[in-house]
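Q: Numbering follows full-length UniProt numbering, in which position 53 of the sequence shown is assigned residue number 53; successive positions increment by one, without gaps.
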Amino acid sequence: MLVLRITNVEGAAMGAVRRHLARPELPQGARKDLSDALHNLLRHAGRPSTRDIAAALKDLLHPPPSHTRVHDLFTHPRVPDWQLTMCVVQVLAGRARGLDESDECDRFDQLWALADEELVLDPLATESDRPTQTQGAPSGPGASEPATPPRGSARHFMPKSDKSRAVFFGVGNYAHLVPLPSVPASLGALADSLAGPTGAFRPEHSTVLIDPSSGTNVLDVVQEASDEAEDTLLLYFSGHGLVDRHSGDLSLALPDTRSEAAYTALQYNWIRRAVLESNARRKVVILDCCYSGRAAAVMGSVEPLPLMDIEGTILIAATTSSQAALAPAGQPYTAFAGELIDILRHGVADGPQFLDLDLIVRELRARTAAKALPIPQMQQGRGSTVGQLPLAINPAYLREPDQ
């Protein structure tokens, strides 16, 4: 129900319209708490119209919702769509004075989860009370899984943003090796996606380190993130990878690294040690470099290194233990990062609501194989379920047509 109040505006003709969205009639409980919180946030934001909100959502949702759908979010008694709710919260929090967008998103995430769980336990709830469903069925990888996340869904297990840390580091300018000019843009774009509106991390808890001055510089940043992370720790490296000719171990090339002087590079084992010592529940290491598979296998062997023996750890390597990664000349991103960025920005068609690591890697492998690029590898610890960890919302996920 839309209530219109016609008011006189001094010096203007009768007819100026201010729209107030009527609150749905709901019994006391989590659903009412969520609805009341949405209306209070709308008031703090200055009561923008549903058309204004829908217009602001064009940069967050693809395709953007209609203003009618935004109107229903405030006035319909059903539990609203989670993705639309969180994006509307971000828009309104950005317009309200004294409110932190990340804190508001976390608060509404908890309110939505409680409302969703309350609905499950309500024997009188009907389908009209439930969140709207996507059109059609998923196809391709994981087609047997429901398009809508189950109750107690993956969203409830996304990284807790205030207790998670992400570090994106790499080298584009080398003094003695071939420069990789696409590395800085790759790291920046990935950080924007994973620590942006649809990503799982907060910008203030994410660090981008380009062309570090020394290995100590890198390890200080990694160690700090490792110490602070309690939920999820994500490390992403892009640059040259080198193999020690004596030990076969992987090293990460720094700006002043010389290929004939192994001691000038950063041994990956130091990164691994920081990961192992972290108290984070889930640890994700992504290596976009030559021979990155060496981080998970010794000399091409299938025997995993100790990193993979710890539950809650996953390693994604852009190549095998004997392949070179690609950074095509003239392209804005490295080959691996370019595909990953595209997945995060545009999503997986007919996929589920969230992009977890398993789905991301399956999609990466399919895309790189189709383009004859090095195929990424993934290994995780014994009994680990980190592959099911959602890192972002799937932008291609459709709830219902807007038109």
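Positions of the beta carbon are idealized from the N, C-alpha and C atoms, including for glycine.
Which residue marks the beginning of the beta strand (DSSP E) containing L209, and which one marks its end?
A: Position 209 of the sequence shown holds residue 209. Looking at the DSSP string, the run of the beta strand (DSSP E) that includes L209 is 206 to 210.
Q: Report the rounded CA-to-CA distance for Q60 versus K163, giving the unit in angstroms.
A: Here residue 60 refers to the residue found at position 60 of the sequence shown. Here residue 163 refers to the residue found at position 163 of the sequence shown. Residue 60 is actually Leu in this sequence, not Gln. L60 and K163: Cα-Cα distance of roughly 24 Å.
Q: Closer than 8 Å is the cut-off here; do at least three beta carbon pairs connect the segment 266 to 279 with the segment 250 to 258?
A: Touching, yes.
Q: Apart from the five residues just before and just after A96, which ones in its own chain have a Cβ nearer than 6 Å to its Cβ?
A: Your numbering for residue 96 matches position 96 in the sequence shown. H44, A45, listed in sequence order.
Q: Could you pull the start and end residues of the alpha helix (DSSP H) that T85 belongs to?
A: The residue given as residue 85 occupies position 85 in the sequence shown. Its alpha helix (DSSP H) spans residues 82 to 95.
Q: What does the alpha-carbon distance come out to for the pair D342 and R367?
A: For the purposes of this step, residue 342 is taken as the residue at position 342 of the sequence shown. For the purposes of this step, residue 367 is taken as the residue at position 367 of the sequence shown. If I take the Cα positions, the gap works out to 11 Å.
Q: Check S278 in the structure and name its three-state DSSP category.
A: Counting from one through the sequence shown, the residue named residue 278 turns up at place 278. The answer is coil: DSSP assigns S278 none of H, G, I, E or B.
Q: In the structure shown, what three-state DSSP assignment does Q377 receive?
A: Counting from 1 along the sequence shown, the entry for residue 377 is found at position 377. Q377 falls in the strand class under three-state DSSP.
Q: By DSSP, does S334 sit in helix, in strand, or in coil?
A: Here residue 334 is taken as the residue at index 334 of the sequence shown, counted from 1. Sequence check: residue 334 is Thr here, not Ser. Here T334 sits in coil by DSSP.
Q: Buried or exposed, going by whether 16 or more other CB atoms sit within 10 Å of the CB of S35?
A: Working through the sequence shown from its first residue, we reach residue 35 at position 35. With 16 or more Cβ atoms within 10 Å of its Cβ, S35 is classed as buried.
Q: Can you round the beta-carbon distance between residue 404 and L209 to whole angstroms, since I take them to be within the 8 Å contact cut?
A: Residue 404 is absent from the model: the chain starts at 1 and stops at 403.
Q: If I follow the unbroken beta strand (DSSP E) through A317, where does it start and stop?
A: Position 317 of the sequence shown, counting from 1, holds the residue named residue 317. Element bounds for A317: 313 to 317.
Q: Ignore the nearest five residues each way along the sequence and tell me which others in A175's own chain have a CB closer than 7 Å to its CB.
A: Position 175 of the sequence shown holds residue 175. The answer, listed in chain order, is P255, D256.
Q: What does a CB cutoff of less than 7 Å around G188 pick up in its chain, not counting 5 residues either side in sequence?
A: The sequence position of residue 188 within the sequence shown is 188, counting from 1. Around G188: V208.
Q: Do you know offhand how far P159's Cα is from L391's?
A: The sequence position of residue 159 within the sequence shown is 159, counting from 1. The sequence position of residue 391 within the sequence shown is 391, counting from 1. Their backbone Cα atoms lie some 8 Å apart in a straight line.
Q: Would you kindly report the start and end of the unbroken beta strand (DSSP E) that includes D356?
A: On the sequence shown, position 356 is the one that residue 356 refers to. Per DSSP, D356 belongs to the beta strand (DSSP E) from 354 to 356.
Q: Taking F201 as part of the beta strand (DSSP E), name the residues at either end of that continuous run.
A: Here the question's residue 201 lines up with position 201 in the sequence shown. Taken as a continuous stretch (DSSP letters only), F201 belongs to no beta strand (DSSP E), as it is neither H nor E.
Q: Figure out for me which residue from L357, V386, R245 has the closest Cα to the Cα of L194.
A: Position 194 of the sequence shown holds residue 194. L194 has its Cα closest to that of L357, out of L357, V386, R245.
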